[in-house]
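Have a look at the structure below before the remarks.
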Amino acid sequence: MTTTAAQRRAQAKVQYDAYLAACPSRQLIDRVSDKWVTLVLSALGSGPDCTGDPRPMRYSEIARVLAGVSPKMLAQTLRSLEGDGLVSRTVTATVPVTVTYELTDLGVSLHATLRQIKRWAEEHMDDVLAHRAAHARTTSA
9 MTTTAAQRRA
19 QAKVQYDAYL
29 AACPSRQLID
39 RVSDKWVTLV
49 LSALGSGPDC
59 TGDPRPMRYS
69 EIARVLAGVS
79 PKMLAQTLRS
89 LEGDGLVSRT
99 VTATVPVTVT
109 YELTDLGVSL
119 HATLRQIKRW
129 AEEHMDDVLA
139 HRAAHARTTS
149 A
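One gets the numbering used here by counting positions in the sequence shown from 1 and adding 8 to each.
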């Protein structure tokens, strides 16, 4: 029996199961779960004030938003996101050269989920800290 290209693509998608050790989607989950990846994608998706719509940002803008990120880590993170097709890098011939980073359509599709995770963490941190403290009291007693 012959299969169409669409049927073959559908069959291939079924083969992605992140619970399986050899599944390539695990690499993507590992990448996206990195704190700097999450924060870079969230910042790019919200602009420098973290409240607006996705727009291009310069490296220095991203670095200002992400307090504590080292220049090396930020550069590595942006490079990896570019390689995954989540971020595009645009170089403009000015003096000095202007480099901006922007979410691709693929990056925008992931942004909403990551933004929700960031928002959830901010809203529930007090609860988590209280549970951690209670757990520490019961395990140290």
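Every residue, glycine too, gets a C-beta built ideally from N, C-alpha and C.
The criterion of a C-beta distance shorter than 7 Å is not satisfied by Gly53 and Pro64. Using a 10 angstroms sphere on the CB of Val103, the tally of other CB atoms stays under 16, which defines it as exposed. Put simply, of Ser88, Val99, Thr10, Pro32 the residue whose alpha carbon is nearest the alpha carbon of Val45 is Ser88. For Gly115, the closest alpha carbon among the candidates Leu137, Leu49, His139, Pro79 is that of Leu49. Beta bridge pairing from DSSP links Tyr109 with Met65, Arg97.
Within the same chain, no residue comes within 7 Å of Gln84 by CB-CB distance, once the 5 residues on both sides are set aside. Leu74 is positioned such that its CB atom lies closer than 7 Å to that of Leu47. If you draw a straight line from the Cα of Val136 to the Cα of Thr10, it comes to about 54 Å. DSSP assignment within the region 29-58 yields the following whole alpha helix (DSSP H) runs of 4 residues or more, N-terminal first: 33-40, 43-52. Close CB contacts of Glu90 within its chain, under the 6 Å cut and outside five residues either way in sequence, are with Arg97 (chain order).
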